[in-house]
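Engineer: Protein chains in written order, with my numbering: chain S, 1439 to 1530; chain H, 119 to 347; chain R, 6 to 207.
The beta-carbon is built from N, C-alpha and C at its ideal position, and this holds for glycine as well.
Nothing here was measured: the structure is a model prediction, and the numbers come from that model.
Here you go, one structure.
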Amino acid sequence: MIALFRSRLTAIWLVLVAATCLSWGVAQGFATAANLHLITAGAMVIAFVKARLILLDFMELRRAPLPLRVFAEVWAVLVCAAILVMYFRSAG
Amino acid sequence: MNSKTGQLICIWSGPVGLAIFGIGLWPLAHFLPPLMPSASADAIAAIYSADTLGIRLGAMLMMLGVSMLAPMFGAITVMLKRIEGENAPYAATQLLSAAIVLTPLMLGALIFTVAAFRPERAPEATQMLNDLGWITLVTPGAPFFVQAMAIGLAILGDKGAAPVMPRWSGYLTLWLAVLALPGALAILFKTGPFAWNGLLAFWLPFGLFSGWGFMMAFLMTNAVKRYKA
Amino acid sequence: MLRKEHSSATQGTRRDTPARRMPAEEGVWVFIFGDLLVFGLFFLTYMYYRGENVALYVTSQGTLNEIFGFTNTLLLLSSSLLVALGVHAARIGQRGAAAALLAGAFACGAAFGVIKVIEYGQKFAAGITVLTNDFFMFYFMLTGIHFAHLTIGLGVLAFLFVTVRKPALSPGDLQAIEGGAAFWHLVDLLWVVLFALLYLMR
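Written as structure tokens, this is what we have:
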């Protein structure tokens, strides 16, 4: 069973966990009034990078027929971009 | 008139019904966008006064449109029976839950008629009838959830050599089933996306349901044409 | 991942790549992409209303328990790993390992559920409900709808667990397992975004 864990998937998981810790840790420890927007934007981008990894590697879309993969990638980019645009427009 | 013609008539009664419902809702009753849950009693009473004829005629067409959905649901039942064979619990479920779907749609329109019947009522009374009408129309999502689950599961359970309906339509219907549920949340909110005039409680479910109806009409027409008795 | 044997018969100018294959059955993706679209719409709707009242959202969001949110994110990420490994194990015939991995994933998902209930309980005890203000309306609605997906996902995992313990797995079984796994990953993915949107956005 342990042999199963020696897989690219586990490496992906490590990246996901690290990214989670990074985005949360930075938000916790380094947020000041000045860099709040930057940190939030960073956390958002990291979240969608994580989502993309889940889509491509856990859901196996990396090797799926192109239309599926393209849809997923476009979704991630568009939704992330839209969220960031709306965030910065209201950030004043 | 053979059974294919009968089925096609029933199937297409659905989209026609949707169109008639739409004409009643909007050009006639001016209920698109839906009246605001946050509107004052006086504002609501004013609307029913000004538009009393349009609302009454619109509600009448809405009821006609809803009634014409019944044959399409009947045709869906027949299609599910074709899939399931002799023991057809999904077909039976679909038929029963379809009736429960249509009932509040009819009642909602009927209540609008009553609200518009005597516009000189006390504004609070008109507002209450208006509330009753919209809540009846928009919030019962559970019956369609059950109906769509039955249709979706039946389509996906098709073990025949040549599936009657494409499998993706089964998944699509299941997805739609889940989207029917948030409508119930309109009882909690008078503003925002979950209110009865909101994006997520009204526009999304009603829009998708209409689209689904047209899609099913096309798919079922193909299924009927392909059927070798 | 198997690579195609580079046969000397082919003229080797084209790089050999594993063929593209459809994970799970096509129709499953209708469901999953549909859900991605609707949730995308939810996210943008949230951002729209947030933009009308940023101060309210920031102060309300300050009362959220980030430790719960963080822990829940780790739980779902881990459960997704276990599910992905479980699918792989099922494919290479290690059905016992697959079952154990799926059970582990279920446990993680259940733990998420427990934490969520505790989190909601804390809010209710403080008098905060879905009607308290706009932020909390979205908070409860978004996490609630996600919770409904998670609950369905737990049911799917249970179904996968039972399937994988069959004496032999047909191609149809493997497809079903992939489809159920994809749905679970969707649950994970949506939470990853929700965590950033609700808990981390200042």
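Can you round the beta-carbon distance between V264 of chain H and S215 of chain H to whole angstroms, since I take them to be within the 8 angstroms contact cut?
Structural biologist: Along the second sequence, one-based indexing puts residue 264 of chain H at 146. Along the second sequence, one-based indexing puts residue 215 of chain H at 97. Rounded, the Cβ-Cβ distance is 4 angstroms, consistent with contact.
Engineer: Would you please verify whether the beta carbon of E1511 of chain S is less than 8 angstroms from any beta carbon of chain R?
Structural biologist: Here residue 1511 of chain S refers to the residue found at position 73 of the first sequence. So no, E1511 of chain S is outside the interface.
Engineer: Under a Cβ-count criterion, where at least 16 other Cβ atoms within 10 Å of its own Cβ denotes burial, should E238 of chain H be classed as buried or exposed?
Structural biologist: The residue given as residue 238 of chain H occupies position 120 in the second sequence. Result: exposed.
Engineer: Kindly list, in the order they appear in chain S, the residues whose Cβ is closer than 7 angstroms to that of D193 of chain R.
Structural biologist: Sequence index remark: in the third sequence, residue 193 of chain R carries index 188 (1-based). Within 7 angstroms Cβ-Cβ: I1492.
Engineer: Give the interface partners of M146 of chain R over in chain H, defined as CB-CB distance under 9 angstroms, in chain order.
Structural biologist: One-based indexing of the third sequence puts residue 146 of chain R at position 141. Simply P300, L303, P311, F312, L318.
Engineer: Is it the case that the segment 30 to 45 of chain R contacts the segment 1507 to 1514 of chain S, given that we only count it when at least three CB pairs across the two stretches are under 8 angstroms?
Structural biologist: Judged by Cβ distances under 8 angstroms, the segment 1507 to 1514 of chain S makes contact with the segment 30 to 45 of chain R, as three or more pairs qualify.
Engineer: Spell out whether any CB of chain H is found under 8 angstroms from the CB atom of L202 of chain R.
Structural biologist: In the third sequence, the residue the question calls residue 202 of chain R occupies position 197. L202 of chain R does not count as touching chain H.
Engineer: Taking 7 angstroms as the limit between beta carbons, can you name the residues of its chain near A163 of chain R, skipping five residues before and five after?
Structural biologist: The sequence position of residue 163 of chain R within the third sequence is 158, counting from 1. Excluding residues within five positions, the ones whose Cβ falls inside 7 angstroms are F111.
Engineer: Chain R partners of F1443 of chain S, CB-CB under 9 angstroms?
Structural biologist: The count along the first sequence starts at 1 and reaches residue 1443 of chain S at position 5. Neighbours of F1443 of chain S on chain R, chain order: L86, L90.
Engineer: Would you check whether the ligand GTP has a heavy atom nearer than 7 angstroms to the C-beta of R55 of chain R?
Structural biologist: Ligands displayed in this structure: none; no statement on the ligand GTP is therefore possible.
Engineer: So what's R26 of chain R in DSSP terms, helix, strand or just coil?
Structural biologist: As a working mapping, residue 26 of chain R is identified with position 21 in the third sequence. R26 of chain R: coil per DSSP, three-state reduction.
Engineer: Determine, using beta-carbon pairs with one atom in the segment 101 to 108 of chain R and one in the segment 161 to 178 of chain R, whether at least three such pairs fall under 8 angstroms.
Structural biologist: Touching, yes, given that three or more Cβ pairs across the two stretches are closer than 8 angstroms.
Engineer: In chain R, which residues lie less than 7 angstroms from Y289 of chain H when you measure between Cβ atoms?
Structural biologist: Your numbering for residue 289 of chain H matches position 171 in the second sequence. Per Cβ cutoff of 7 angstroms: G32, V33, V35, F36.
Engineer: Are at least three pairs of beta-carbons, each pair with one atom in the segment 73 to 93 of chain R and one in the segment 32 to 41 of chain R, less than 8 angstroms apart?
Structural biologist: Contact fails: fewer than three Cβ-Cβ distances are below 8 angstroms.
Engineer: Return the CA-CA distance between L255 of chain H and Q1466 of chain S, expressed in angstroms with no decimal places.
Structural biologist: As a first step, residue 255 of chain H must be located in the second sequence, where it is residue number 137. As a first step, residue 1466 of chain S must be located in the first sequence, where it is residue number 28. Roughly 46 angstroms between the two C-alpha positions.
Engineer: Say whether the segment 222 to 242 of chain H touches the segment 301 to 316 of chain H, bearing in mind that this needs 3 or more beta-carbon pairs closer than 8 angstroms, one atom from each stretch.
Structural biologist: No: fewer than three Cβ pairs fall under 8 angstroms.
Engineer: Determine, for G54 of chain R, whether the minimum Cβ-Cβ distance to residues of chain H falls below 8 angstroms.
Structural biologist: Within the third sequence, numbered from 1, the residue matching residue 54 of chain R stands at position 49. According to the sequence displayed, residue 54 of chain R carries Tyr and not Gly. Y54 of chain R counts as touching chain H.
Engineer: Nearest to L155 of chain R by alpha carbon, out of R:R26, R:L81, R:Y53?
Structural biologist: Position 150 of the third sequence, counted from the first residue, corresponds to residue 155 of chain R. When each option's Cα is compared against that of L155 of chain R, the closest is R:L81.
Engineer: Have a look at H:G226, H:A234, H:G259 and flag the residue whose alpha-carbon is nearest the alpha-carbon of A298 of chain H.
Structural biologist: By one-based count along the second sequence, residue 298 of chain H stands at place 180. Closest option to A298 of chain H, Cα to Cα, is H:G259.
Engineer: Under three-state DSSP, which class holds P261 of chain H?
Structural biologist: Working through the second sequence from its first residue, we reach residue 261 of chain H at position 143. P261 of chain H: helix per DSSP, three-state reduction.
Engineer: Kindly list the residues whose CB is nearer than 6 angstroms to the CB of W330 of chain H, restricted to its own chain and excluding five residues on each side of it in sequence; keep chain order.
Structural biologist: Position 212 of the second sequence, counted from the first residue, corresponds to residue 330 of chain H. If we look at W330 of chain H and ignore the five residues flanking it on each side, its Cβ neighbours are L294.
Engineer: Counting only Cβ-Cβ distances shorter than 8 angstroms, please list the residues of the segment 189 to 219 of chain H near chain R, keeping chain order.
Structural biologist: For the segment 189 to 219 of chain H, which is checked against every Cβ of chain R, not one residue is closer than 8 angstroms.
Engineer: State the start and end residues of the unbroken alpha helix (DSSP H) segment that holds E1498 of chain S.
Structural biologist: On the first sequence, residue 1498 of chain S is found 60 positions in, with the first residue counted as 1. From DSSP, E1498 of chain S is part of no alpha helix (DSSP H); its letter is neither H nor E.
Engineer: Determine, for F1496 of chain S, whether the minimum Cβ-Cβ distance to residues of chain R falls below 8 angstroms.
Structural biologist: In the first sequence, residue 1496 of chain S corresponds to position 58, counting from 1. Taking Cβ atoms only, chain R reaches closer than 8 angstroms to F1496 of chain S, which makes this a yes.
Engineer: For F307 of chain H, return the contacting residues in chain R, with the cut-off set at a CB-CB distance below 9 angstroms.
Structural biologist: Counted from its first residue, the second sequence places residue 307 of chain H at position 189. By Cβ distance, chain R contributes V135, L136, M142.
Engineer: DSSP three-state label for G310 of chain H, please.
Structural biologist: Within the second sequence, the letter at position 192 stands for residue 310 of chain H. Note: G310 of chain H maps to coil in three-state DSSP.
Engineer: Any idea what DSSP makes of S287 of chain H, helix, strand or coil?
Structural biologist: What you label residue 287 of chain H is simply residue 169 of the second sequence in a count that begins at 1. Of the three classes helix, strand and coil, the one that applies to S287 of chain H here is helix, per DSSP.
Engineer: Taking just the CA atoms, how far does F327 of chain H sit from A319 of chain H?
Structural biologist: What you label residue 319 of chain H is simply residue 201 of the second sequence in a count that begins at 1. What you label residue 327 of chain H is simply residue 209 of the second sequence in a count that begins at 1. Distance between the alpha carbons of A319 of chain H and F327 of chain H: 12 angstroms.
Engineer: Could one say the Cβ of T64 of chain R lies closer than 8 angstroms to chain H's Cβ atoms, at least one of them?
Structural biologist: In the third sequence, counting from the first residue as 1, residue 64 of chain R sits at position 59. So no, T64 of chain R is outside the interface.
Engineer: If you follow the alpha helix (DSSP H) that I1492 of chain S is in, where does it begin and where does it stop?
Structural biologist: Your numbering for residue 1492 of chain S matches position 54 in the first sequence. Run containing I1492 of chain S: none; DSSP gives neither H nor E here.
Engineer: Cutting at 8 angstroms between CB atoms, please list the residues of its own chain near L1522 of chain S, excluding the five before and the five after it.
Structural biologist: What you label residue 1522 of chain S is simply residue 84 of the first sequence in a count that begins at 1. Same-chain partners within the cutoff: A1479, M1482, V1483.
Engineer: By Cβ distance, which residues of its chain are closer than 7 angstroms to L225 of chain H, with the 5 residues on each side in sequence left out?
Structural biologist: Taking the second sequence and counting its residues from 1, one reaches residue 225 of chain H at position 107. Here the set comprises T254.
Engineer: Would you kindly report the start and end of the unbroken alpha helix (DSSP H) that includes Q99 of chain R?
Structural biologist: By one-based count along the third sequence, residue 99 of chain R stands at place 94. First-last for Q99 of chain R: undefined, no H or E at that position.
Engineer: Looking at chain R, is there any beta carbon in it that lies within less than 8 angstroms of the beta carbon of A1449 of chain S?
Structural biologist: Here residue 1449 of chain S refers to the residue found at position 11 when the first sequence is read from its first residue. Output row for A1449 of chain S: interface = no.
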